[in-house]
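In the working numbering, the protein residues as written are 8 to 708. Yeah, the Cβ is synthetic: ideal placement off N, Cα and C, and Gly gets one too. Treat the numbers as computed from the prediction; the structure is a model and nothing was measured. Structure record follows, encoded as structure tokens.
Given below as structure tokens:
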């Protein structure tokens, strides 16, 4: 039908549903008048100089969103058998409050928190919210109420409205509906009494044809003036696109409409209104109702999509996701819910609603720089992830590749801002850890002494360096260099290990900072590599120049075993848990340390947490295991089996008790072995408020 009109001479922009949409808006008169009055009062309140009340702000935000949610109960294509009186009952304030209990999933607190965070981080920048519209008439009126509120409340500076480009399912919004609505509000008396063109089209009769009071007229004209101003100043933009009327799901958006997709990526929040939009977001697939909203969104929620998606939907079809376990069955058991038929009839009436939110998953950033020498160690600033320190080199050689420590900033480009050439007569930087200072960092490193010194029984393997950050400047060409300077070098290993020409410092770790007011109340650990007898040395990391007086405890391994990895957790104030692994297992060593008295109370013996049964692959010796603490009581262990790679989470109890495997994951068969492991903390789970963790393992070739 749209094609026929488009090919005509005088009917190109004709909307066959325009009259019905105006009639429905006019029939919503009681709700329109109520909301107009409340909107004018709210905008006046927001424009006053009264200090903001955070709790009140969130309550108002939720109320405005819920009004917008239930506004789509006027969907003409699904309410054709209801009278005007029935429609009015769906729209009043009392009806909205009663319907709050019918919102099955409500992610509005998360949305509000994210918008406030963006407002705080970018107070003077453009902050944009997009609304993919559904129905005209009263629902469009409510959408504009929401848009005006979001701008006046400072949660957005610009609102982009996305209508359909051609008449679609009866009540769908077209750009012309926006104009018609503003015209109705410009002369509300004429609209409701039939004196204007819009009023005549709507065919005002009965109660809806009565004259408005002067106050009601003033309140409706206030909306016209407010929204017209926002529109003329570019804060309220209408942006149709033919994609919204194409067949198929919105999973196709990135490749079917790449310009639209990239445009939406510029938005801080994209709100999708209504049942059909929500179904197309989820591919209109019969997902299990417990499927997460993020999973159902497919490509729109993948890593790096960059789109914050909010779905406002009153359910009118079977496709529903994000429900708690058992909720679907509970609703089916209600009267008219479907019962033994198995049909999801409860989801057909529009009685129930969902407010689903999927925050954008940031892209995995990638940057590469060529330093011209092998890198053996790297460490981020614990407080500023924009700074990365790396160390490496060619080892002991007088004419070959240099040994260096390099400090970089700006992870998008890994720009070196400080560099120190080390002696070519000594070993390269084999391990590195960072301690924060006011001026920058202290880098603790492992650098073996020269062969000549080792022959004399000297191996000052433990070195410290100060790293002073460069002053930040806007012009990259004027960027000054930071300064890296040596502070100390000492030997903490036992003499028998230190003097061995093959022994080097393979590992160095510091305990995490748990209190930023006392960032130096930390301990550290170093471990040998290729030593006659494996050794781990624990030391007090409160000084920039540790020495033998700083040693807290020593762990001596069985002959022939190497400490391949270690990590430190803080279990209580001044109580530390040191986990380490060898080829045959993972172990725990607990230590209490009194920083004021510089006195340690260590375990007598390490606890065996987990025994590794198999350390070979089909092609020989497997890469060694790796481990990281997830929480003070949960340890992530990576094991190379025969064949394949396995990740285990161990619950770690009291000293002396073995670890208990609480989760186990065998990696894809395409990964034959893994050689490294890293862990980072993610945001708290909004449902349980528990911390989450992400891990990465590097597969070997």
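- Membership of residue 26 in the alpha helix (DSSP H) is indicated by the continuous run 25–34.
- In the structure shown, the three-state DSSP call for residue 310 is coil.
- According to the DSSP assignment, residue 275 belongs to no beta strand (DSSP E), since it is labelled neither H nor E.
- Here residue 282 is buried, its C-beta having at least 16 other C-beta atoms within 10 Å.
- Bounds of the beta strand (DSSP E) holding residue 415 are 410–416.
- With a cutoff of 8 Å on beta-carbon distance, residue 305 and residue 251 are scored as not near each other.
- Distance from the CA atom of residue 129 to the CA atom of residue 66, rounded to whole angstroms, is 23 Å.
- Within the same chain, Cβ atoms closer than 6 Å to the Cβ of residue 245 are found at 168, 182, 185, the five residues on either side in sequence being excluded.
- Contact annotation, residue 453 with residue 511: C-beta distance approximately 7 Å; criterion of less than 8 Å satisfied.
- Ranked by Cα distance from residue 564, the options 536, 577, 353 are led by 536.
- Its chain contains 111, 112, 320 as the residues whose beta carbon lies nearer than 6 Å to that of residue 361, once the 5 sequence neighbours on both sides are disregarded; these appear in chain order.
- Membership of residue 67 in the alpha helix (DSSP H) is indicated by the continuous run 61–78.
- Residue 246 sits in coil when the DSSP states are folded into three classes, being neither helix nor strand.
- If the five residues before and after residue 561 are omitted, its C-beta is found closer than 6 Å to the C-beta atoms of 544, all from its own chain and listed in chain order.
- Taking C-beta atoms as the reference points, residue 516 and residue 574 count as a pair closer than 8 Å.
- Within the model, the alpha-carbon separation for residue 332 versus residue 286 is close to 20 Å.
- Secondary structure of residue 251 (DSSP, three-state): helix.
- Judged by their CB atoms, residue 458 and residue 508 are nearer to each other than the 8 Å cut-off.
- Runs of the alpha helix (DSSP H) spanning 4 or more residues and lying entirely within the segment 165–209 occur at 182–193, 195–200, 204–209, in chain order.
- Between residue 277 and the set 123, 166, 242, 256, the nearest pair of CA atoms involves 166.
- Note on residue 48: under 16 other CB atoms within 10 angstroms of its CB, so exposed under the neighbour-count rule.
- Contact between residue 506 and residue 461 holds, with the beta-carbon distance rounding to 6 Å and staying under 8 Å.
- Straight across, the Cα-Cα distance linking residue 666 with residue 272 is about 45 Å.
- In this structure, residue 643 sits away from residue 632, with a CB-CB distance that is not shorter than 8 Å.
- The segment 27–36 makes no contact with the segment 132–140: fewer than 3 CB pairs, one atom from each, lie closer than 8 Å.
- Taking a cut-off of 8 Å on C-beta distances, the segment 332–348 does not touch the segment 116–125, as fewer than three cross pairs fall below it.
- Assigned with DSSP and collapsed to three states, residue 552 falls in coil, not helix or strand.
- Beta-bridge annotation (DSSP): residue 641 is paired with 638, 658.
- Rounded to whole angstroms, the Cβ separation of residue 50 and residue 159 is 5 Å, and the two are in contact under 8 Å.
- In the DSSP assignment, residue 334 falls within the alpha helix (DSSP H) that extends over 334–339.
- Cβ neighbours of residue 671 within its own chain (closer than 7 Å, five residues either side excluded): 653, 655.
- Going by beta carbons, residue 385 and residue 395 fall inside the 8 Å limit.
- In the three-state DSSP reduction, residue 651 falls in the coil class, being neither helix nor strand.
- Under the three-state reduction of DSSP output, residue 504 falls in the helix class.
- When secondary structure is reduced to three states using DSSP, residue 516 falls in the strand class.
- Judged by DSSP in its simplified three-state form, residue 282 adopts helix.
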